[in-house]
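Written below as structure tokens is the structure these notes are about.
Protein chains: 2
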Amino acid sequence: MLEKLNLDQELDKKTFHDAFSKLQFDIGVLQRKVVDLGIPVIIIFEGWEAAGKGTAIGSLVRRIDPRGFKVHHTKAPTEEEALRPFLWRFWRDLPGRGEIGIFDRSWYGKVLVERVDKLAPKKEWRRAYAEINEFERLLADDGALLIKFWLHISKKEQKSRFKHFLKDPFRGWKITKTDWKHHKEYDKFYEAAEDMFAKTDAPHAPWTAVESHDKRVSTLKIMRAVVAAIQNAVKRKEKAAAKAQAAAPAPTAESTPPASKPTLLSRIDLNKTLTKEEYAARLDDLQDRIVDYEYRLYEKRLPVVIVYEGWDAGGKGGNIKRITEKLDPRGYDVTPIAAPQGAERTHHYLWRFWNHLPKAGHIAIFDRSWYGRVMVERIEGFCREDEWKRAFDEIVEFERQLANFGTIVIKFWIHISQEEQLRRFKERESIEFKRWKLTDEDWRNREKWPQYDRAVSELIEKTSMPFAPWTVVEGNCKYWARIKALETVCNAIKSKL
Amino acid sequence: MLEKLNLDQELDKKTFHDAFSKLQFDIGVLQRKVVDLGIPVIIIFEGWEAAGKGTAIGSLVRRIDPRGFKVHHTKAPTEEEALRPFLWRFWRDLPGRGEIGIFDRSWYGKVLVERVDKLAPKKEWRRAYAEINEFERLLADDGALLIKFWLHISKKEQKSRFKHFLKDPFRGWKITKTDWKHHKEYDKFYEAAEDMFAKTDAPHAPWTAVESHDKRVSTLKIMRAVVAAIQNAVKRKEKAAAKAQAAAPAPTAESTPPASKPTLLSRIDLNKTLTKEEYAARLDDLQDRIVDYEYRLYEKRLPVVIVYEGWDAGGKGGNIKRITEKLDPRGYDVTPIAAPQGAERTHHYLWRFWNHLPKAGHIAIFDRSWYGRVMVERIEGFCREDEWKRAFDEIVEFERQLANFGTIVIKFWIHISQEEQLRRFKERESIEFKRWKLTDEDWRNREKWPQYDRAVSELIEKTSMPFAPWTVVEGNCKYWARIKALETVCNAIKSKL
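Chain order of the listed sequences is A and B.
Under numbering that gives the first Met the number 0, the first residue of the first sequence is numbered 0, with each subsequent residue one higher.
Under numbering that gives the first Met the number 0, the first residue of the second sequence is numbered 0, with each subsequent residue one higher.
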């Protein structure tokens with residue numbers, strides 16, 4: 000891609016200013032549209048050191064309302080960041096709907112500097128291509144606009160700029176030893192960049208290479224590309240909105256009757272039980288084992304993610320308590336998931352879960368999870384059909400990314416029968432200190448048992464993977480359920496240690 | 000405090016278990032009350048290395064619903080953390096209403112290890128006492144329950160535990176060189192701890208020293224103290240709630256007529272103007288100056304906080320834009336403040352602003368701010384009278400803490416006349432691309448002009464401090480306002496460089 004660029008282009012001051020002022024006006028108006036239409040805009044600046052990324056970003060944002068964008072300066076990962084999958088910190092910085100996020104260097108560091116300087120093993124940066132592509136596709140599917148720039152200068156030009164900077168008392172400190180080292184490796188970076196373009200250029204996230212010898216040429220090309228990209232995105236979104244209003248119905252609760260053939264859940268044998276004595280005898284042993292594992296996970300810096308899903312009154316809370324009871328509380332976290340709030344609502348539905356990923360060496364337990372997308376959000380019509388259908392793949396990719404990082408992923412569906420649920424609801428009604436546990440929503444959900452039955456059976460079939468298997472826990476007998484969950488966790492951890 | 004402890008106490012197994020099981024039951028019930036009543040509970044564990052903090056926390060939480068608490072393990076500050084005031088990271092980890100936050104070591108590190116090991120200069124750790132006391136008082140005033148433990152063992156006991164640990168293959172790694180160094184400095188730490196108790200023991204945040212030679216004695220004392228403290232807090236809260244229901248009216252919008260004497264704002268001369276030519280001539284120069292300062296702030300690692308408040312349609316947005324226009328966007332952040340959402344609502348009102356503090360060397364611009372507490376929240380009755388009255392002091396303390404850290408704090412009130420506001424509202428109505436800027440709320444706020452006039456005048460008088468002065472900007476002429484704000488920012492920065 001780069002060899003085709005003509006780096007000798009120049010532009011006179013007047014031509015530049017006339018064109019640029021018009022574009023600045025356009026972008027001010029467009030930013031407002033971005034807010035109104037709720038489009039998340041992600042603009043990435045990659046390129047050679049001293050190619051002028053800072054200046055380019057400065058010109059780009061000059062006339063944008065400063066409340067509407069954020070610039071993220073990507074440096075080497077901090078300790079906090081290094082203990083999570085490499086996309087974690089970029090997820091945290093993603094713009095919400097209607098916001099513009101500008102990345103001065105980005106997730107592409109993994110396949111550029113980390114590759115060339117051998118900071119990441121080959122296996123890791125090669126796999127990063129897949130994860131980056133999944134990441135960008137998922138964002139684009141969610142309505143995000145992705146704009147990616149490579150600011151290009153020749154090796155000779157870079158050398159002359161470095162030398163020029165060194166003479167400037169205010170900017171001299173910016174050129175480091177590493178920069179000189181990278182300058183010498185120009186050809187290797189060139190090759191890596193070309194490989195990167197080939198592997199990550201996509202219609203929904205195209206690369207634009209920018210001739211950056213002349214500042215005016217470069218600034219104008221960037222501005223034009225941004226304006227055009229936003230204009231297109233705005234048009235697409237307005238068209239889609241008009242079409243949706245005209246024809247398609249708004250998302251609604253699922254009304255289709257449940258399939259007639261028996262579902263996966265309906266085939267579960269719920270007659271498994273343990274006596275109190277059997278339970279007590281095994282509980283202690285398993286809890287001691289998991290305490291032991293907690294230390295060893297920490298030593299080996301292995302993260303663990305445990306997902307709890309299940310029927311209301313299935314016994315999730317008591318089950319989780321038995322997992323954590325003897326653990327060192329500094330080593331685990333329990334995150335209860337309720338309806339999304341605030342920033343959670345203006346971001347991709349996976350965003351808040353990325354925010355709660357465990358540090359390497361820690362255990363994160365989710366009491367309900369990202370599977371809400373294909374359960375309650377599907378059934379209640381909180382998202383569109385194409386959205387929840389797409390979610391199966393997105394979730395598998397998400398969990399594969401966790402597993403790639405070394406995470407042990409364990410997922411439970413705590414299963415009880417309809418009769419048992421009714422019995423427990425009634426018990427809760429009658430016992431004063433349990434009454435808070437039962438809400439009107441629980442009764443409403445109960446009425447939708449067949450829909451949940453089908454949705455859960457489907458998600459288990461579609462998202463059970465060797466690297467993140469589901470375990471259906473027979474929950475009519477709480478003793479059985481607790482022992483089974485503990486045993487599953489112990490075995491999953493053991494097999495990775 | 001420590002010399003009075005009898006470290007030779009012991010407890011037999013049965014006595015311990017009987018008492019402890021009962022307390023575990025109690026704490027389960029109390030945790031529910033904490034949720035219902037929305038009490039934030041903060042429990043701090045300080046004490047000697049190897050005194051058993053981990054074990055104590057483990058026993059404490061064993062029967063608490065794991066979704067209801069979080070344990071925070073405090074280590075040396077990361078780079079991210081070191082670039083902010085020392086309380087920043089603890090603010091981020093504060094529990095919300097109804098949550099329990101347990102700190103394994105805490106903000107007291109500043110006056111213990113940082114003092115003894117001379118990691119903080121004397122001036123800094125001495126000042127930390129005041130900041131810690133302000134912090135804890137502010138949390139207590141907001142309804143938080145604070146429980147602080149010091150786990151005490153003798154020097155001899157510590158040595159024997161270290162030696163014992165070293166023999167254990169799983170725990171040997173826990174004893175580091177630093178631990179041995181600190182062991183040798185036992186007497187210095189002892190003295191620092193006594194000083195800390197003397198300076199930070201308060202009725203709303205008392206210290207409990209715990210004899211920790213015998214695990215049962217220690218565990219039981221901690222459990223008893225926590226149960227008693229929560230019981231008291233629950234009683235107080237229930238009583239207050241009952242009283243509030245019986246007598247005091249719920250918070251309401253301020254109805255008191257404005258004072259008859261002229262307010263501070265009403266004495267502002269709004270006739271100041273600049274011509275377009277004067278404006279253009281000075282704008283360039285000031286913007287160049289601020290770009291230059293941005294580099295120097297970064298070099299010297301000085302943080303800047305700029306607060307924008309002002310009448311609707313006062314021109315805050317355009318003013319901010321002129322400040323940032325030429326700045327390197329990697330060096331500043333603009334944070335627009337709207338009504339609190341999600342976690343912002345379940346925390347102290349200052350919490351979200353702590354979250355957005357600039358890194359040292361960066362500029363943070365707030366478009367509206369914590370002053371909402373003593374403006375809109377006061378006027379609309381979103382908080383009680385005692386709450387907003389207390390806020391003046393809390394805000395002064397907050398800004399003093401920023402200034403102590405080296406932050407340059409600049410605060411603007413953009414002032415326009417009622418007539419000018421009306422003119423601008425009408426203009427916005429008539430120009431299509433400006434219409435989005437005008438909402439029904441703007442018209443409603445306009446009706447409360449006298450209340451705002453009085454509230455703003457009062458807050459400016461009460462919170463203008465040498466370390467965080469207010470500047471009232473005459474805003475009828477936008478040119479004048481922009482130049483004045485830019486000049487104020489430049490001069491404030493210059494005087495600190």
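Beta carbons: idealized from backbone N, C-alpha and C, even for Gly.
Just so we're clear, the structure is a prediction, and the values are computed from it rather than from any experiment.
Item	Value
Any non-hydrogen atom of the ligand GTP closer than 7 Å to R372 (chain B) Cβ	The ligand GTP is not among the ligands present in this structure, which contains no ligands whatsoever.
Residue interval of the beta strand (DSSP E) (run including L4 (chain B))	No beta strand (DSSP E) contains L4 (chain B), which DSSP labels as neither H nor E.
Closest Cα partner of R88 (chain A) within the set A:K493, A:R96, A:H72	A:H72
Member of B:T177, B:V375, B:M195, B:A342 whose CA lies at the smallest distance from the CA of R91 (chain B)	B:A342
Beta-carbon spacing of A191 (chain B), V110 (chain B) below 8 Å	yes
Contacts that D506 (chain B) makes with chain A (C-beta to C-beta distance below 8 Å)	A question about residue 506 (chain B) goes unanswered here, because the residues of chain B that appear run from 0 up to 496.
Complete beta strand (DSSP E) runs within the stretch 173-215 of chain B (minimum length 3 residues, chain order)	206-210
F466 (chain A) versus A:G316, A:V60, A:R399, residue with shortest Cα-Cα distance	A:R399
With 16 other Cβ atoms within 10 Å as the buried cut-off, status of P65 (chain B)	buried
Within the stretch 48-111 of chain A, ranges of the beta strand (DSSP E) (whole runs, at least 3 residues)	68-72, 99-103
Counted within 10 angstroms of its Cβ, other Cβ atoms place F352 (chain A) as buried (16 or more) or exposed	buried
Identity of the residue in A:G67, A:R62, A:E113, A:W469 nearest K501 (chain A) by Cα	No answer is possible for residue 501 (chain A): it lies beyond the span of chain A, which begins at 0 and ends at 496.
Straight-line Cα distance separating E135 (chain B) from K236 (chain B)	18 Å
Run of the beta strand (DSSP E) containing I407 (chain A), from where it starts to where it stops	407-414
Supposed close pair S217 (chain A), L150 (chain A) - CB separation, criterion 8 Å	7 Å
Exposed unless 16 or more other CB atoms sit within 10 angstroms - verdict on H163 (chain A)	exposed
Per DSSP, the bridge partner or partners of T334 (chain B)	B:F365
Backbone CA spacing between L485 (chain A) and E308 (chain B) [nearest angstrom]	55 Å
Cα-Cα separation, G142 (chain B) to N231 (chain B)	12 Å
Range of the contiguous alpha helix (DSSP H) that encloses T487 (chain B)	477-495
According to DSSP, residues forming a beta bridge with A467 (chain A)	A:M464
Nearest-angstrom Cα separation, counted from V33 (chain A) out to V233 (chain A)	7 Å
Nearest-angstrom Cα separation, counted from Q286 (chain B) out to Y294 (chain B)	13 Å
C-beta atoms of A55 (chain A) and F44 (chain A) nearer than 8 Å	yes
CB contact flag (I42 (chain A), V304 (chain A), <8 Å)	no
Element boundaries [alpha helix (DSSP H), containing Y297 (chain A)]	275-299
Cutoff 8 Å: F148 (chain A) Cβ touching any chain B Cβ	no
Beta bridge counterpart(s) of I507 (chain B) as assigned by DSSP	This structure leaves residue 507 (chain B) out entirely; chain B is present only between 0 and 496.
Buried versus exposed call for P120 (chain B) [16 or more other C-beta atoms within 10 Å across all chains shown]	exposed
Any C-beta of chain A under 8 Å from that of H72 (chain B)	yes
When B:R481, B:I38, B:I26, B:V472 are compared against L264 (chain B), the one with the closest alpha-carbon	B:V472
Chain-ordered residues of the stretch 340-373 of chain A with a beta carbon less than 8 Å from chain B	Q340, G341, A342, E343, I364, D366
Residue closest to A49 (chain A), alpha-carbon to alpha-carbon, out of A:E9, A:M0, A:K21, A:R104	A:R104
Bridge partner(s) assigned by DSSP for I43 (chain B)	B:F102, B:K147
Any chain B beta carbon closer than 8 Å to K299 (chain A)	no
Beta carbon proximity, T323 (chain B) to chain A, threshold 8 Å	yes
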